[in-house]
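Residue numbers (our numbering), protein chains in the order written: chain A, 568 to 866; chain B, 3 to 351; chain C, 37 to 298.
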Amino acid sequence: MVKLPFVDVLADKKNYMRKDDLASFEYTYQAEITNVYSLTKTEKLYQLQIIDPVERARFTFKPGQFVMLELPGIGEAPFSISSSPIRHGDIELCIRAVGNLTNFLTRSPRGTRVGISGPFGTDFPVEEMQGHDIMLIAGGLGLVPLRAPIFAVLENRSRYGNIDIIYGARNPAELLFTYQYDMWRQFDIDLNIIVDQGDASWNGPVGRITSILEDRIQAAENIGKNTYAIVCGPPVMFKFVCDMLIKAHLPTQKIFVSLERRMHCGRGKCCRCNIGSTYTCLKGPVFDYWSVMNMKEAI
Amino acid sequence: MLFRVFSKNELKNLYDILAVNHIVGPVSKGCNKNSTALYDFDFVYDFEELQLEYSATIHSLKRFILPAKETLCSFTLQKNNWQKHVELNAYKPIVYFGLHACDINALNKLDKVLAGKIYPDPYYAAKRNNMFIIGVGCTPQPFCFCHSMGADSVLHGFDMFLTDLGDSYFAEILSARAFECLSGITCREPGKSEHQRFLEVAQEKMKRFTCHVDTTDLTKILDLEFQADVWREWGEKCLSCGTCANVCPTCYCYGVEENVDLDMRHAAKTRHLYSCNLIDFAEVAGGHNFRPHSHDRLKYRYYHKHRGFVEAFEESLCVGCGRCGNACLANITVPEVIASVRGKEGYHG
Amino acid sequence: MTASEKTYLGVPVRKPRAAFFSLTSCEGCQLQLLNNEATLLDFLSLLTIVNFREAVSERSENYEIAFVEGSISRADEIPRLKSIRAQAQTLVAMGSCACFGGVNQLKNRFSDLDWVKKQVYGDHPIETQDVLPLSAIVKVDLNIYGCPIKKEEVEKVITNLVLGKSIDYPQYPVCMECKANQNVCLFDLGEPCLGPITRAGCDSWCPSNRLGCWGCRGPAETANVRQLKQIMREHGFSDEQMLDRLECFGGFSKFINELKNQ
Chain A
568 MVKLPFVDVL ADKKNYMRKD DLASFEYTYQ AEITNVYSLT KTEKLYQLQI
618 IDPVERARFT FKPGQFVMLE LPGIGEAPFS ISSSPIRHGD IELCIRAVGN
668 LTNFLTRSPR GTRVGISGPF GTDFPVEEMQ GHDIMLIAGG LGLVPLRAPI
718 FAVLENRSRY GNIDIIYGAR NPAELLFTYQ YDMWRQFDID LNIIVDQGDA
768 SWNGPVGRIT SILEDRIQAA ENIGKNTYAI VCGPPVMFKF VCDMLIKAHL
818 PTQKIFVSLE RRMHCGRGKC CRCNIGSTYT CLKGPVFDYW SVMNMKEAI
Chain B
3 MLFRVFSKNE LKNLYDILAV NHIVGPVSKG CNKNSTALYD FDFVYDFEEL
53 QLEYSATIHS LKRFILPAKE TLCSFTLQKN NWQKHVELNA YKPIVYFGLH
103 ACDINALNKL DKVLAGKIYP DPYYAAKRNN MFIIGVGCTP QPFCFCHSMG
153 ADSVLHGFDM FLTDLGDSYF AEILSARAFE CLSGITCREP GKSEHQRFLE
203 VAQEKMKRFT CHVDTTDLTK ILDLEFQADV WREWGEKCLS CGTCANVCPT
253 CYCYGVEENV DLDMRHAAKT RHLYSCNLID FAEVAGGHNF RPHSHDRLKY
303 RYYHKHRGFV EAFEESLCVG CGRCGNACLA NITVPEVIAS VRGKEGYHG
Chain C
37 MTASEKTYLG VPVRKPRAAF FSLTSCEGCQ LQLLNNEATL LDFLSLLTIV
87 NFREAVSERS ENYEIAFVEG SISRADEIPR LKSIRAQAQT LVAMGSCACF
137 GGVNQLKNRF SDLDWVKKQV YGDHPIETQD VLPLSAIVKV DLNIYGCPIK
187 KEEVEKVITN LVLGKSIDYP QYPVCMECKA NQNVCLFDLG EPCLGPITRA
237 GCDSWCPSNR LGCWGCRGPA ETANVRQLKQ IMREHGFSDE QMLDRLECFG
287 GFSKFINELK NQ
């Protein structure tokens, strides 16, 4: 008789060398909601602090990466990290209430414990962008993933050339992070905001984001050589904006976008986030536009 | 690789040596309405139940290594605090007695995604590392196109592989434990005539393949024909029922769901194997669906298996077992879909 | 801990006042709710039940959620349903009769109602009319499908309801669950089945017991009825056989005319 031994993959080093990888697959950091700020009617900024001090110190991320946020029994979903990747503080997530998890979160009081895993995914290569001009173009919620690279660039402002933020929203009430605009401008950032529909309080431009972009492209010098672009927004916006940038001779590999898909694992398994056959969670969410052009059904 | 030969009478002894473990193998599941015998993988409790001459099983092995529904973790909640408990749901080694080459190849393919370098999946790894696999040679069925997919023979991923030489079995041995098992039965090293016979059997098998898929330049063709009308034609037939993915030995897509217990003090996270053919597969929060039509989803399935996986791992995520085509009530089969996308006449779509 | 203090992750959990009502039906769905003794107490503790003929003797007309089983087959049921609707913040149609008319609506297949009455009740006629689902008379907030409803699913629905989570049903058909249960396809065994077009959630209750699906939960989001008709024919089943099944519970009513005209 040959009685086979039971292999415990998490314990038996001999049979499975990568037990640490296996054990961390479903591991979540416990974090506490330390603060909640209402940004608009539907978006809130959540500040989270990892409870264990060792884990907190170890948690680092790059601008553009995301975490999986979990509320036990309620759900788990990916969220782009909006806080500074350089200054270690609370992790900030800007979340719109649209589904089970996010709606429950709006009712969660301060002090609620949530689960966090990650960071996952690719990032905006802000170091590669040093010495260049950067155009950050965001539509609506698209400003959320751009906040981390903005923070990163501001930390080393002198290493970058002109920085333009071109941001469009449907109306002034939907503008995100309004309290930071003055600070951004102090850092010599050219902030251009446009809304589809103004209201009584609004005295800025009204119209499409592409009209501002057109002006900026006209004004910029040698855009094809000196400029990187970071684009995020609703799917329709990507196509128009990126086409304009390509027309202005920006190389496709200097245009970066952050794409959004449903994810159930964040770890290149479940296939829910696949674009064509590319995992958004592994090869994205930040892609250069050359990759996007090579993916089916991307935008 | 070591080789041994043993008389067919010895097979029961081999079974008995391993019978102290749980054994899964092909067993009879009665007949269909045309009196064709049906088989499926199931636990085997008696040697007589084991049907090593089976044509093909209805379902793949996934039930044992990638169950349709699996609890990933549970939570215990106190007032403001909670704990997470992870259970890998593997408790015992299992002997898989009588797998065809395609199904072993399917496991090898799954390993690339689920037990590879990037985020290896412990639930899968726990079950996969507790498999003892005895492969067995097969007779190509009219729906088998494993030869086209390069999955008709298998080089690794098993402990022992048996080929029927008529009155004896030719055993390929890949593990020390398999060697140990054979030491308990009467067997010997194969002679020249048995080498000869082994190669002949392989050749005879090759001649019996009637179903083929032309995979030449398939990755490029799938890119080129992304907008082709044939996808819509297949989409009109597709029931979007997920049957193909369920019977497929390599489909691993899933969805995760969290539920709170009735007592409000416990919760659990469950994964359900899903199918990219189901309508809400690519729906995002807020309701936008990236693949709203059945033809979008059907096309995506082919695109993932025959292009995306090739791009990532230089091989297709299809072993040519033909289960999906057999199980599809709308008669959507891989050979016909691919032939139609290639623009070949003769598919009856 | 008292009921009002119950929280989940710091969020207060509601304990709504619930009432259960029965229109034309077998009351089998109400009975289903009392099944599964192992979890019954936890289940009942989620709600304050003020009206439940099968379970409690007290009555109150002060409720937030009304669970209504059964269909409308008599004129007097219409004002009754309307008054339930007026009281309830949430009206739940429970079971195939309430959602689609259920088995009761089979009589709508006959054009002559008097003839039907005569066949069924002989010389003892009763008052009856064409059978309607609840949604034909009032706004329905939530459907719980099935004939009968599945207790495990109801437990999930109520849990999610009190937590404020959305109630999501499978959008895919029964085949998905049937295959997961390792069943041999009933078409292969010579049995017709509506599994490929019927909404899942029953865990393939009937097919797992070797009975073809009759579509009690109504159509899946992508019910390819035309293709199933083709499949039925290929397997030797007549269009009438398929219609018999499709019309059994009323969930497929929107497909019937299209099929008849094909």
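For glycine and all other residues, C-beta sits at the position ideal for the given N, C-alpha and C.
Return the CA-CA distance between A39(C) and L67(C), expressed in angstroms with no decimal places. What you label residue 39(C) is simply residue 3 of the third sequence in a count that begins at 1. What you label residue 67(C) is simply residue 31 of the third sequence in a count that begins at 1. Per-residue confidence for A39(C) stands at a pLDDT of 47, beneath the threshold of 50, marking its modelled position as unreliable; the derived number appears in the next sentence. Our two residues, A39(C) and L67(C), have alpha carbons roughly 25 Å apart in a direct line.
Run down chain C in chain order and give the residues with a C-beta less than 8 Å from the C-beta of S684(A). Sequence index remark: in the first sequence, residue 684(A) carries index 117 (1-based). Scanning chain C for C-beta atoms nearer than 8 Å to the C-beta of S684(A) yields nothing, as the closest lies near 18 Å away.
Neighbour-count burial assignment, S318(B), 16 or more Cβ in a 10 Å radius: Start at 1 with the first residue of the second sequence, and residue 318(B) comes out as number 316. With 16 or more neighbouring CB atoms inside 10 Å of its own CB, S318(B) falls in the buried class.
Nearest to R53(C) by CA position, among Q263(C), G182(C), V174(C), F103(C), is which residue? Counted from its first residue, the third sequence places residue 53(C) at position 17. Nearest C-alpha to R53(C) among Q263(C), G182(C), V174(C), F103(C): F103(C).
Chain C contacts from the segment 639-662 of chain A (Cβ-Cβ distance under 9 Å): Among the residues of the segment 639-662 of chain A, those with a Cβ less than 9 Å away from any Cβ of chain C are P639, G640, I641, G642, in the order of the chain.
Just checking: is the beta-carbon of H2(B) within a distance shorter than 8 Å of some beta-carbon in chain C? Outside the shown range of chain B, which is 3 to 351, sits residue 2(B), and nothing can be said about it.
Between the segment 755-765 of chain A and the segment 791-805 of chain A, do at least 3 Cβ pairs fall closer than 8 Å? Taking 8 Å as the limit for Cβ pairs, the verdict is that the segment 791-805 of chain A does not touch the segment 755-765 of chain A.
Measuring alpha carbon to alpha carbon, tell me which residue in Y254(B), C183(B), E196(B), F145(B) is nearest F211(B). Along the second sequence, one-based indexing puts residue 211(B) at 209. Shortest Cα-Cα distance from F211(B) to any of Y254(B), C183(B), E196(B), F145(B) involves F145(B).
Quick one: residues in its chain with C-beta nearer than 7 Å to the C-beta of I618(A), no 5 flanking neighbours on either side, listed in chain order? Mapped onto the first sequence, residue 618(A) falls at position 51. Only Q597, A598, E599 meet the Cβ criterion.
Is the Cβ of V190(C) closer than 8 Å to any Cβ of chain A? Position 154 of the third sequence, counted from the first residue, corresponds to residue 190(C). Taking a beta-carbon distance threshold of 8 Å, V190(C) does not count as an interface residue toward chain A.
Along the chain, which unbroken stretches of the beta strand (DSSP E) at least 3 residues long are found entirely within the segment 44-130 of chain B? Counting only runs of 3 or more, we get 71-79, 84-88, 96-101.
Taking DSSP as the reference, what is the three-state secondary structure of R680(A)? For this step, residue 680(A) is matched to residue 113 along the first sequence. Residue state for R680(A) is assigned as strand, using DSSP reduced to three classes.
Between which two residues does the alpha helix (DSSP H) harbouring D225(B) extend? Sequence index remark: in the second sequence, residue 225(B) carries index 223 (1-based). If you look at D225(B), you'll find it in the alpha helix (DSSP H) that goes 220-226.
Any chance you could list the alpha helix (DSSP H) runs of at least 4 consecutive residues sitting entirely within the segment 669-726 of chain A, in chain order? DSSP runs (the alpha helix (DSSP H)) wholly in the segment 669-726 of chain A: 710-722.
Alpha-carbon to alpha-carbon, G287(C) and R89(C): In the third sequence, the residue the question calls residue 89(C) occupies position 53. In the third sequence, the residue the question calls residue 287(C) occupies position 251. Whole-angstrom Cα-Cα distance: 27 Å.
Quick one: what does DSSP say R116(C) is sitting in, helix, strand or coil? Position 80 of the third sequence, counted from the start, is the residue given in the question as residue 116(C). R116(C): helix per DSSP, three-state reduction.
DSSP three-state assignment for M750(A), whether helix, strand or coil: Position 183 of the first sequence, counting from 1, holds the residue named residue 750(A). Of the three classes helix, strand and coil, the one that applies to M750(A) here is helix, per DSSP.
Quick one: using the 10 Å Cβ neighbour count with 16 as the cut-off for buried, is M513(A) buried or exposed? Coverage of chain A is limited to positions 568 through 866, which leaves residue 513(A) absent and any answer about it impossible.
Along the alpha helix (DSSP H) that carries T75(C), what are the first and last residues, could you check? Residue mapping note: residue 75(C) aligns to position 39 of the third sequence, counting from 1. Per DSSP, T75(C) belongs to the alpha helix (DSSP H) from 73-81.
Name the chain C residues whose beta carbon is nearer than 9 Å to that of G678(A)? One-based indexing of the first sequence puts residue 678(A) at position 111. By Cβ distance, chain C contributes G46.
Whole-angstrom distance between N83(B) and N219(C), CA atom to CA atom: As a first step, residue 219(C) is located in the third sequence; it is residue number 183 there, counting from the start. As a first step, residue 83(B) is located in the second sequence; it is residue number 81 there, counting from the start. In a straight line, the C-alpha of N219(C) is about 42 Å away from that of N83(B).
Assign T195(C) to buried or exposed, taking buried as 16 or more other Cβ atoms, counted over all protein chains shown, within 10 Å of its Cβ. Here residue 195(C) corresponds to residue number 159 of the third sequence, with the count starting at 1. In the assembly as shown, T195(C) is a buried residue. Its beta-carbon has 16 or more other beta-carbons within 10 Å.
Which complete beta strand (DSSP E) runs does the segment 148-176 of chain C hold, if anything under 3 residues is left out? When DSSP assignments are scanned along the segment 148-176 of chain C, no uninterrupted stretch of beta strand (DSSP E) that is 3 or more residues long falls wholly within it.
K806(A), DSSP secondary structure in three states: Along the first sequence, read from residue 1 onward, the residue named residue 806(A) stands at position 239. Helix, per DSSP.
Ignoring anything shorter than 4 residues, give me the alpha helix (DSSP H) runs that lie fully in the segment 279-333 of chain B, in order along the chain. Counting whole runs of 4 or more residues, the segment 279-333 of chain B contains the alpha helix (DSSP H) stretches 296-305, 311-315, 325-329.
Inter-stretch contact at 8 Å, needing at least 3 Cβ pairs: the segment 254-267 of chain B / the segment 631-644 of chain A: The segment 254-267 of chain B is in contact with the segment 631-644 of chain A.
Using a beta-carbon distance below 8 Å, is S58(C) in contact with chain A? Locating residue 58(C) in the third sequence gives position 22, where the first residue counts as 1. Not an interface residue.
Could you work out which residue in T75(C), F291(C), I101(C) is closest to A122(C) when comparing CA atoms only? Taking the first residue of the third sequence as position 1, residue 122(C) is located at position 86. Answer by Cα proximity: I101(C).
Grab me the residues of S296(B)'s own chain with a C-beta within less than 6 Å of its C-beta, minus the 5 sequence neighbours each way, in chain order. Here residue 296(B) is taken as the residue at index 294 of the second sequence, counted from 1. These residues qualify, in order along the chain: G237, C240, S242.
Step through the CB atoms of chain B and report whether any lies within less than 8 Å of the CB of C838(A). By 1-based counting over the first sequence, the position of residue 838(A) is 271. Yes, C838(A) lies at the interface with chain B (some Cβ there is under 8 Å from its Cβ).
Cβ neighbours of L167(B) in the same chain (closer than 8 Å, five flanking residues each side left out): Here residue 167(B) corresponds to residue number 165 of the second sequence, with the count starting at 1. Result list for L167(B): V7, E196, R199, F200, V203, in chain order.
Might you give, ordered along the chain, the residues of its own chain that have their beta carbon closer than 7 Å to the beta carbon of Y349(B), omitting 5 neighbours on each side? Locating residue 349(B) in the second sequence gives position 347, counting from the first residue. Because the pLDDT at Y349(B) is just 49, under 50, the model does not fix this residue reliably, and the value given afterwards should be weighed accordingly. Only residues of its own chain outside the window of five on either side were considered, and among them E338, A341, S342 have a CB closer than 7 Å to the CB of Y349(B), listed in chain order.
In or out: W241(C) buried (at least 16 other Cβ within 10 Å) or exposed? By one-based count along the third sequence, residue 241(C) stands at place 205. The residue is buried, with at least 16 neighbouring Cβ atoms inside 10 Å.
Using only CA atoms, which one of V665(A), M830(A), C832(A) lies nearest to K608(A)? As a first step, residue 608(A) is located in the first sequence; it is residue number 41 there, counting from the start. The residue with the shortest Cα to Cα distance from K608(A) is V665(A).
Test: T75(C) CB closer than 8 Å to a CB of chain B: The residue given as residue 75(C) occupies position 39 in the third sequence. It does; some Cβ of chain B falls within 8 Å.
Buried or exposed: which applies to L247(C), given that a residue is buried once 16 or more other Cβ atoms fall within 10 Å of its Cβ? Within the third sequence, the letter at position 211 stands for residue 247(C). Under this definition L247(C) is an exposed residue.
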